[in-house]
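Each step along the sequence shown adds one to the number in the numbering used here, with nothing skipped, and position 181 is 625.
Note that the Cβ used here is the ideal one computed from N, Cα and C, for glycine as well.
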Amino acid sequence: MEPNPGASMPPTKQDLNSRVLQLAELLQIGWQIIKNNWQNLLLLTLIISVPMNIVGEIINRVINNANTDNLGNLFLGFSIGGLAVSAVVLSLAGILIPLGVAAIVMADLGGTKIDYQNALKQAFGRWGAGIKTSLLMVVCLIPLAIALVVPAIIFGVFWAFSIYLVMTENLSGWAALKRSKTVVQGRWWKVFGNLIAFSILASIAAWILQVVFSFLPNGAVSNVIFATINSVTTIFAIVAGFALFKNLTANQK
């Protein structure tokens with residue numbers, strides 16, 4: 445059978461550099477990348493997210509089960525103090541996930557493959573820059589959100605690619621935010637719509653998996669599992685977001 449000349453060919457990763465892709469094409473490429481690297485993406489996310497979710501659940505349990513007498517309050521203070529420090533450290537460790545995912549996707553798009561250990565090593569190398577960039581973004585967005593929600597959304601989209609730039613262009617802080625804004629400039633609605641679509645699809649996947657595990661009794665273990673499911677399904681949004689970022693960067697006017 446002769447090929448139909450009118451049939452559209454599925455997008456390839458090379459198309460990211462040649463033309464601006466539509467949402468469906470970005471989703472297909474994102475899925476290709478995940479299929480090629482799913483084991484390393486999964487292990488990377490689990491190594492970071494499981495300890496974070498366990499500590500978060502412990503903090504909730506300590507607060508909910510605390511005694512109200514003076515001794516109980518003293519114990520509560522020490523417990524929460526120590527756990528809070530751990531929670532902050534682990535929350536900052538959460539920044540390693542998008543950095544590590546970016547390293548894996550960068551390698552895949554470059555025609556090579558790295559394992560989760562190499563990706564973690566690269567992520568740790570840019571962790572400080574990632575923390576600086578993320579904290580600066582949060583500090584800038586909080587007053588905008590307090591004053592009015594719309595400006596926070598606008599600049600949140602402008603700065604959406606900053607964490608990728610920490611890894612791809614070795615930028616940090618304000619330089620990463622400015623560069624991200626340059627990439628998004630003139631294509632804000634496209635970026636906004638695509639990011640919303642990625643998030644919705646990741647949320648649907650999380651909901652489906654949570655339904656699958658709904659037989660688990662309510663408790664600490666199920667809470668940690670459900671939180672980890674959310675972390676794992678977010679991988680898709682991060683990978684698709686990176687594909688969008690690379691596509692817009694390569695085809696920037």
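Between residue i and the rest of its own chain, which residues show a CB-CB distance below 7 Å, the 5 nearest in sequence each way excluded?
i: S616; result: A573, K576, T577 and V610
i: P454; result: Q472
i: N461; result: A694
i: Q629; result: none
i: R505; result: A664
Could you pull out every residue in the same chain whose Cβ sits closer than 6 Å to the Cβ of residue i, ignoring the five residues on either side in sequence?
i: L580; result: G617
i: N514; result: With a pLDDT of 48 at N514, under the threshold of 50, the modelled position of this residue cannot be trusted, and the question is left open.
i: L653; result: I673
i: F689; result: F605 and Y608
i: Q566; result: A547
i: L518; result: Here the model assigns L518 a pLDDT of 47, short of 50, so the residue's position is not dependable, and the following value carries that caveat. None.
i: A687; result: L470, I473 and G474
i: L564; result: G544
Taking the CB atoms as reference points, tell me whether residue i and residue j lie closer together than 8 Å.
i: L645; j: V601; result: no
i: F599; j: V627; result: no
i: T489; j: S666; result: no
i: E469; j: V668; result: no
i: T612; j: M550; result: yes
i: I539; j: A547; result: no
i: V545; j: I679; result: yes
i: Y560; j: L487; result: yes
i: W603; j: K634; result: no
i: L485; j: I491; result: no
i: N480; j: A671; result: no
With respect to the alpha helix (DSSP H) encompassing residue i, which residues constitute its N-terminal and C-terminal limits?
i: L688; result: A664 to A694
i: M611; result: S606 to T612
i: G617; result: G617 to V628
i: F657; result: First-last for F657: undefined, no H or E at that position.
i: I548; result: L540 to L553
Throw me the rounded Cβ distance for the residue i and residue j pair, which I believe falls under 8 Å.
i: L553; j: R570; result: Wrong, their Cβ atoms sit about 18 Å apart, outside the cutoff.
i: N691; j: L465; result: 5 Å
i: A650; j: I673; result: 5 Å
i: A684; j: G474; result: 4 Å
At a threshold of 7 Å, does residue i count as lining the ligand GDP (C-beta to nearest heavy atom)?
i: I590; result: This structure lacks the ligand GDP; in fact it carries no ligand of any kind.
Using a Cβ-Cβ cutoff of less than 8 Å, which residues in the same chain neighbour residue i once the five nearest sequence positions on both sides are dropped?
i: L588; result: P595, A596 and F599
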